[in-house]
Amino acid sequence: MSQFTIHTIETAPEEVKDVLRTVKEDNGGYIPNLIGLLANAPTALETYRTVGAINRRNSLTPTEREVVQITAAVTNDCAFCVAGHTAFSIKQIQMAPNLLEALRNATPIDDDPKLDTLAKFTIAVMNTKGRVGDEALADFLEAGYTQQNALDVVLGVSLATLCNYANNLASTPINDELKQYAK
582 MSQFTIHTIE TAPEEVKDVL RTVKEDNGGY IPNLIGLLAN APTALETYRT
632 VGAINRRNSL TPTEREVVQI TAAVTNDCAF CVAGHTAFSI KQIQMAPNLL
682 EALRNATPID DDPKLDTLAK FTIAVMNTKG RVGDEALADF LEAGYTQQNA
732 LDVVLGVSLA TLCNYANNLA STPINDELKQ YAK
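For the sequence shown, this note's numbering gives the first residue as 582, with consecutive numbering after it.
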């Protein structure tokens, strides 16, 4: 049970009611509890939506962006985001089941060394607060990524940090619509 209010359209602050209506419509009739949580702080909700939109147009592919998001959620022990990004990865980008399983279990991605390097780099960014060191950066670049990609990993981590930390702070319950994707 969350220690924070998980807002609905009816209970949300007036300034975010339209956002919640849009989210509900875009999500097939439900509001993810993360959004209901962030409605407690309209600027946090605005930041999530703005940074999320920017992240969706970064230099990484949709699969690579989800590698970053799921890796961050697992690393930060955010059950809500693991479930949400698992659902998205299956429904929206048709992520390979073996890749998804490796990400969710934080195990090597044996059949895709480039994505494995991306996951390791994401963890390095998180664990070192960006001070990944020459070897980790060289491995990332040698795998075929660019300096722009490295900075876009930081962007993805920043988005994940907002969501993961907010959910962990509030003990956000996983929506019924996402429970089948929980770890």
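From the three backbone atoms N, C-alpha and C, an ideal C-beta is built for every residue, glycine too. If you're wondering where the values come from, they're calculated on a predicted model, not measured in any experiment.
Below 8 Å CB to CB, which residues in the same chain sit around ARG685 once its five sequence neighbours on both sides are set aside?
-> ILE651, VAL655, VAL663, THR667, LYS764
Who are the near neighbours of SER640 in its chain, counting only those whose CB is closer than 8 Å to its CB and skipping five residues on each side?
-> THR727, GLN729, ASN730, ASP733
Beta-carbon separation of ILE787 and GLY617 under 7 Å?
-> The chain is shown only over 582 to 764; residue 787 falls outside these bounds and no answer can be derived.
4 or more residues per run - each alpha helix (DSSP H) lying fully within the segment 668-733 = 678-686, 694-708, 714-723
Among the residues of its own chain, which have a CB less than 7 Å from the CB of ALA717, if the five just before and after it don't count?
-> PHE702, ALA705
For ALA741 versus ALA622, is the C-beta distance shorter than 7 Å?
-> no
Taking only heavy atoms of the ligand NAP into account, decide whether any of them is closer than 6 Å to the Cβ of ILE690.
-> Ligands in the displayed structure: none, and consequently the ligand NAP is not present.
Is it right to say LEU750 is buried, meaning 16 or more other beta carbons lie within 10 angstroms of its own, or is it exposed?
-> exposed
Local Cβ density within 10 Å of SER670, reported as buried at 16 or more and exposed below that | buried
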